[in-house]
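Engineer: Every letter in the sequence shown is one number past the one before it in the numbering used here, and letter 479, counting from 1, is 466.
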Amino acid sequence: MSVRVRRRGSDRPLPDDNLDTGHNGHTPVAGGPDGRDGHDDGASPRGKRLGELLVQARAVKRGELKAALDSQSPEGPPLGRLLIERGAVGERPVVEALALQRGLGVVDLRQVQPDTETLTLLAEDVARQLGVVPVARVDGSLVMAASEPLTTAEIVHLETLVGLPVSLVLAPSTEIRRVIDASYKALGAVDRHVQAFVATAALRAPSEALEGIASTAATEAPVVQIVQLLFTQALRDRASDVHIEPQDDRIRVRFRVDGALHDVLSLPTDIGPALVSRIKIMAGMNIVERRRSQDGQVAVTIDGRSVDIRVATLATIWGEKCVMRILDKSRSLYRLGELGMPDDTHTTFSKIIRSPFGMVLCAGPTGSGKTTTLYASLMEINEPHRNIMTIEDPVEYVVPSINQIQANEAAGMTFAGGLRSILRQDPDVILVGEIRDVETARIATQSALTGHFVLSTLHATDAVAALHRLLDMGIESFLIASSLVAVVGQRLVRRTCTSCKKAYKPTAEELAFYEEAGGNPKRTFYRGEGCNFCSDTGYQDRVGVYELLRITPELKRLIVGWATQEELQRLAVSQGMRTLRQEAMALVQDDVTTISEVIRSIYTG
């Protein structure tokens, strides 16, 4: 194994037998990401203060450093962390400056993957508690990556646990957390629980097995543990959905990460019914009914984070299929400027959502980020003088200053019924989670016509198609033309992983699509080769692709005349609308995503 470690600005890969760790890790070092001498009141071992090193490396401007020092308090974070929090510098420059200050090496964990044997030397709970991860064994010692220098006591404690001398190198804390999440797989313990289930299942009647799963005292039951491990791993892998799919010879478990499904686990068929029953119990669903679809919701805490899980089951020819949508409640809301809209689209849309009345729709397929766009819009206009009310199923983000209503059809609270009730609450802005039927569409349209501002989502392929969806629902064309202010069509595409981005040559088909879609001439294209941080997919996180259709007087006349989608699209483009495909090509030109990802996510026509 070759480990890339940098020392004093070098970027030379060093083999294990020559791993440069700066020192043997036993020098007493105090402080946080800046050594806590960030107040610039003490000299470092090399006679340089952290702030001076950052300025010399041109990572921080002297004015930003002075502002951070002026705002720093003895009880507050160290200088390095403070600069990171203020957005003045990234983690890596601080870590590199700190390593130079302390005489330590820097390891690039984006490219270095610790092997399984090395990882077994340190327990996961210790790695998470201290924020360290074993990197490699070199010359009889264990190279350990940390985000900040450790004290002598901490190093001695680690040496006692691993039974080897420890050499310290530094890496950004975010990289260390990602490597810990990727390396210490929660699903690694699944085999043991599966074997325990198989061993005990033969001794129990099916009814007894279900009783054991349902019992609140059975928290150590194998199936209970497997479900908990699934939830934990899904959250750590940033999965949005978990699919449990019975098949002829196995139970297939897949995670949807950044919009794409990946196989993560294969279980014996016998465990399938018990696994789904456990999830249904947690979600308050009927475990006896296996022939019709059911919906439920689970609230759990994983790794200290509150998580809501939407559960949906459906009978297939091989048994019950279960899909779980994971909603991380601790995740912060996006602001409108963070969604990926081009500057001119963002400026125009910001003005539109400040309209006193009318309706704005977000259109796209399932999982295209429509709800995220709606909430970002609400946060933009959430002001004390406005009464904002929502009707949703489910309430995905809880905002204390907004009146939110959970739709519950079993209790008679439908979208249409809830919307009628909202209209009697003196609202200024109304958010309808989704227009699913003609009744909801009609009430939303009438609300927009009677002086309310309505935001909602609609399942449609693009912005123009949303207009015909309303027409197909039976809403009169003149009502659509009068009530609609704008429609935002959107998709999500995966971002090229910045940690492993490399130049490549697209295929002839990809180049033909790029040129046909109107992409500007481009000599070099980039894609991710695959690394630790993107799970070898070449992509990490997603960005929105938007087309903004403004309902102009000319467009209203076409809508009233029942114009075709092609006629509406032609007029909208002639009036300045950029289509989803054009916007996606702009992201390819800026090396944000790849041609193949645009073909997969947008369309090929």
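Beta carbons are placed, not taken as given, at the ideal position from N, Cα and C, and that holds for glycine.
From a predicted model like this one, the values you see are computed outputs, not experimental measurements.
Within 10 angstroms of its Cβ, does V585 collect 16 or more other Cβ (buried), or is it exposed?
Structural biologist: Taking the sequence shown and counting its residues from 1, the one referred to as residue 585 is at position 598. When all chains shown are included, V585 counts as buried.
Engineer: State the start and end residues of the unbroken alpha helix (DSSP H) segment that holds V166.
Structural biologist: As a first step, residue 166 must be located in the sequence shown, where it is residue number 179. Run containing V166: 160 to 170, per the alpha helix (DSSP H) assignment.
Engineer: When the Cβ atoms of the region 560 to 577 are set against those of the region 523 to 536, are three or more pairs found closer than 8 angstroms?
Structural biologist: With the cut-off at 8 angstroms, the region 560 to 577 and the region 523 to 536 touch.
Engineer: Evaluate G175 with the Cβ neighbour count: other Cβ atoms within 10 Å of its Cβ, from every protein chain shown; 16 or more gives buried, anything less gives exposed.
Structural biologist: The residue given as residue 175 occupies position 188 in the sequence shown. G175 is exposed by the Cβ-count criterion.
Engineer: Looking at C-alpha atoms only, which residue of G531, A44, G38, E51 is the closest neighbour of R322?
Structural biologist: Residue mapping note: residue 322 aligns to position 335 of the sequence shown, counting from 1. Cα-wise, what sits closest to R322 is G531.
Engineer: What is the DSSP secondary structure of F512, counted as helix, strand or coil?
Structural biologist: Position 525 of the sequence shown, counting from 1, holds the residue named residue 512. Residue state, collapsed to three classes: strand.
Engineer: So who's on the other strand from F440, going by DSSP bridges?
Structural biologist: As a working mapping, residue 440 is identified with position 453 in the sequence shown. Paired residue(s): G345, V416.
Engineer: Can you tell me which of E51, S319, A447 puts its alpha carbon nearest to the alpha carbon of V385?
Structural biologist: Sequence index remark: in the sequence shown, residue 385 carries index 398 (1-based). Looking at the Cα atoms, S319 is the closest of the given residues.
Engineer: Near C518, which residues of its chain fall below 8 angstroms by C-beta distance, leaving aside the five closest residues on each side in sequence?
Structural biologist: Translated into the one-based positions of the sequence shown, residue 518 becomes position 531. Excluding sequence neighbours, C518 sits near R97, Q98, C484, S486, C487.
Engineer: Using three-state DSSP, classify F242 as helix, strand or coil.
Structural biologist: Indexing the sequence shown from 1 puts residue 242 at position 255. In this structure, F242 counts as strand in the three-state DSSP scheme.
Engineer: Tell me whether Y384 sits in a helix, a strand or coil according to DSSP, three-state version.
Structural biologist: The residue labelled residue 384 in the question sits at position 397 within the sequence shown. In this structure, Y384 counts as coil in the three-state DSSP scheme.
Engineer: Over what stretch of residues does the alpha helix (DSSP H) that includes A75 continue unbroken?
Structural biologist: If you number the sequence shown from 1, residue 75 lands on position 88. Where A75 is concerned, there is no enclosing alpha helix (DSSP H), given that its DSSP letter is neither H nor E.
Engineer: Whole angstroms is fine: what's the gap from D415's alpha carbon to T377's?
Structural biologist: Counted from its first residue, the sequence shown places residue 415 at position 428. Counted from its first residue, the sequence shown places residue 377 at position 390. Spanning the two alpha carbons is a distance of roughly 11 angstroms.
Engineer: Quick one: Cα of P343 to Cα of L418, how far?
Structural biologist: In the sequence shown, residue 343 corresponds to position 356, counting from 1. In the sequence shown, residue 418 corresponds to position 431, counting from 1. One C-alpha to the other measures close to 14 angstroms.
Engineer: Considering only their Cβ atoms, is the gap separating V76 from L85 smaller than 9 angstroms?
Structural biologist: Translated into the one-based positions of the sequence shown, residue 85 becomes position 98. Translated into the one-based positions of the sequence shown, residue 76 becomes position 89. Taking 9 angstroms as the Cβ cut-off, L85 and V76 do not qualify as a contacting pair.
Engineer: Under three-state DSSP, which class holds R373?
Structural biologist: As a working note, residue 373 is residue 386 in the sequence shown. It is coil, neither helix nor strand.
Engineer: Could you have a look at E367 and say whether DSSP puts it in helix, strand or coil?
Structural biologist: Along the sequence shown, one-based indexing puts residue 367 at 380. E367: helix per DSSP, three-state reduction.
Engineer: Roughly how many angstroms lie between the CA atoms of G506 and R481, to the nearest whole one?
Structural biologist: Position 519 of the sequence shown holds residue 506. Position 494 of the sequence shown holds residue 481. Answer to the nearest angstrom: the Cα atoms are 18 angstroms apart.
Engineer: If we ignore side chains and look at the alpha-carbon of each, how far apart do Q220 and I142 end up?
Structural biologist: As a first step, residue 220 must be located in the sequence shown, where it is residue number 233. As a first step, residue 142 must be located in the sequence shown, where it is residue number 155. Each residue's alpha carbon lies about 29 angstroms from the other.
Engineer: Quick one: complete alpha helix (DSSP H) runs, 4+ long, within the region 497 to 585?
Structural biologist: As far as the region 497 to 585 is concerned, its whole alpha helix (DSSP H) runs of at least 4 residues are 540 to 547, 552 to 561, 567 to 576.
Engineer: For T303, report the span of its alpha helix (DSSP H) as first-last.
Structural biologist: Counted from its first residue, the sequence shown places residue 303 at position 316. Element bounds for T303: not the alpha helix (DSSP H) but the beta strand (DSSP E), 292 to 303.
Engineer: Go ahead and label K489 buried or exposed: buried means 16 or more other beta carbons lie within 10 angstroms of its beta carbon, across all protein chains shown.
Structural biologist: Along the sequence shown, one-based indexing puts residue 489 at 502. Exposed, because fewer than 16 other Cβ atoms sit within 10 Å of the Cβ of K489.
Engineer: From the DSSP output, read off the bridge partner residues of K338.
Structural biologist: For the purposes of this step, residue 338 is taken as residue 351 along the sequence shown, with counting starting at 1. Answer is none; K338 lacks a bridge partner.
Engineer: Between which residues of its own chain and E51 is the CB-CB distance below 7 angstroms, once the five residues before and five after are set aside?
Structural biologist: The residue you call residue 51 lines up with position 64 of the sequence shown. A75, listed in sequence order.
Engineer: Taking the CB atoms as reference points, tell me whether I467 and S443 lie closer together than 9 angstroms.
Structural biologist: Sequence index remark: in the sequence shown, residue 467 carries index 480 (1-based). Sequence index remark: in the sequence shown, residue 443 carries index 456 (1-based). In this structure, S443 does not lie closer than 9 angstroms to I467 by Cβ.
Engineer: Are the beta-carbon atoms belonging to V475 and C349 less than 9 angstroms from one another?
Structural biologist: Working through the sequence shown from its first residue, we reach residue 475 at position 488. Working through the sequence shown from its first residue, we reach residue 349 at position 362. Result yes, Cβ atoms of V475 and C349 sit closer than 9 angstroms.
Engineer: Beta carbon of Q133, beta carbon of G150: below 9 angstroms?
Structural biologist: Position 146 of the sequence shown holds residue 133. Position 163 of the sequence shown holds residue 150. A small fix is needed here, since residue 133 is Ala in this sequence, not Gln. No, the pair does not count as a contact, with Cβ atoms beyond the cut-off.
Engineer: Mind checking which residues open and close the beta strand (DSSP E) that includes V472?
Structural biologist: Locating residue 472 in the sequence shown gives position 485, where the first residue counts as 1. Unbroken beta strand (DSSP E) run through V472: 471 to 483.
Engineer: Check whether the Cβ of G404 lies closer than 8 angstroms to any heavy atom of the ligand SAM, and answer yes or no.
Structural biologist: What this structure holds is no ligand at all, so the ligand SAM is not there to describe.
Engineer: How many angstroms separate the CA atom of E541 from the CA atom of L471?
Structural biologist: Along the sequence shown, one-based indexing puts residue 541 at 554. Along the sequence shown, one-based indexing puts residue 471 at 484. E541 and L471: Cα-Cα distance of roughly 13 angstroms.
Engineer: Would you identify the three-state DSSP class for Y362, choosing helix, strand or coil?
Structural biologist: Walking along the sequence shown from the start, residue 362 turns up at place 375. Three-state result, Y362: helix.
Engineer: Per the DSSP calculation, L155 is bridged to which residue(s)?
Structural biologist: Residue mapping note: residue 155 aligns to position 168 of the sequence shown, counting from 1. Its beta-bridge partners are M131.
Engineer: Just confirm the distance between the C-beta atoms of I296 and V287, as a whole number of angstroms; I'd bet it's less than 8 angstroms.
Structural biologist: Numbered from 1 along the sequence shown, position 309 holds the residue referred to as residue 296. Numbered from 1 along the sequence shown, position 300 holds the residue referred to as residue 287. Right, their Cβ atoms sit about 7 angstroms apart.
Engineer: Look at V181 and L148 and say whether their C-beta atoms are less than 9 angstroms apart.
Structural biologist: If you number the sequence shown from 1, residue 181 lands on position 194. If you number the sequence shown from 1, residue 148 lands on position 161. Taking 9 angstroms as the Cβ cut-off, V181 and L148 do not qualify as a contacting pair.
Engineer: Using a Cβ-Cβ cutoff of less than 8 angstroms, which residues in the same chain neighbour S170 once the five nearest sequence positions on both sides are dropped?
Structural biologist: Within the sequence shown, the letter at position 183 stands for residue 170. For S170, where only same-chain residues beyond five positions count, the Cβ hits under 8 angstroms are Q100, P101, L106, V120.
Engineer: Tell me, please, which residues DSSP counts as bridged to V310.
Structural biologist: On the sequence shown, residue 310 is found 323 positions in, with the first residue counted as 1. Looking at the DSSP assignment, V310 forms a beta bridge with H230, A299.
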